[in-house]
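Everything below concerns the one structure shown next.
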Amino acid sequence: MVIIDKKKLRDIYLKKRTHVLHLEVSKKSKVIARKLLKMPEIRGKRNFSVYLPINNEVDTKIIIGKLIEQGANIFVPYYSKSTDDYLFARFGGWRDLEEGPYKIPQPKNSHPQESGLIEVAIIPGVAFSKNGVRTGYGKGVFDRLLAKSNALKIGLAYDFQIVDEITHEEHDLLMDIIVTEKMVYRF
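The structure is reproduced here in structure tokens:
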């Protein structure tokens, strides 16, 4: 399916994602987590940025837990009032979270971390193309957060979120890898 208009694409795929049952989210997220955690590209890496899921996004709790068990540092996006934008903060545990803008969980006591520290960025999306183009919610949060980062960029998605083509704009973040419950795409 080729949809050129990003707003239309967002509307269609956000609606599709709202219809995914909680049990399906859990099952598919476990499969995606297993695939991701076995990837040779992340072995030996210590600093990961991982999103905290909302609105039926692929759940990252298993991924975060396993990476912490392996001694990794986890950084998550948080909204900074002083910069009026999102930055990365160290993840301090599930009890250390509060609701931020757009109902996105974020650390209560956030201290900004340099995005240059991050070796692997695990990123959500509304839809992804088969050549690594990502469409998010349209706010450009991850595009800005990772604009100057050399981190390996891994998108997590359900198989139905993969489309043939998405219009790519200059500022759009391109994925190096996309992991779904059915397939791993490498670019």
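Per this note's numbering, residue 1469 is the first one in the sequence shown, and the count goes up by one each step. Note that the Cβ used here is the ideal one computed from N, Cα and C, for glycine as well.
In chain order, D1553 and Y1554 place their CB closer than 8 Å to the CB of R1612, counting only its own chain and leaving out the 5 sequence neighbours on each side. In this structure, DSSP gives G1623 an extended state, which the three-state scheme calls strand. Closest by C-alpha distance to V1594, out of K1476, Y1481 and D1473, is Y1481.
Between V1588 and K1513, the C-beta spacing is below 8 Å. Excluding its 5 nearest sequence neighbours in each direction, N1524 has C-beta neighbours in its own chain below 7 Å: R1485, T1486, V1488 and V1493, listed in chain order. Rounded to the nearest angstrom, the gap between the Cα atoms of D1632 and K1621 is 19 Å. In the three-state DSSP reduction, T1528 falls in the coil class, being neither helix nor strand.
Residues of the same chain with a CB within less than 8 Å of the CB of S1617, apart from the 5 flanking positions on each side, are S1583, G1584, I1586 and A1589 in chain order. The beta carbon of I1530 sits closer than 6 Å to the beta carbons of A1501 from its chain, once the five residues preceding and following it are set aside; these are given in chain order. Residues R1602, G1623, A1625, Q1629, I1630, M1643 and I1646 of the same chain have their beta carbon placed closer than 7 Å to that of F1596, with the five preceding and five following residues left out of the count.
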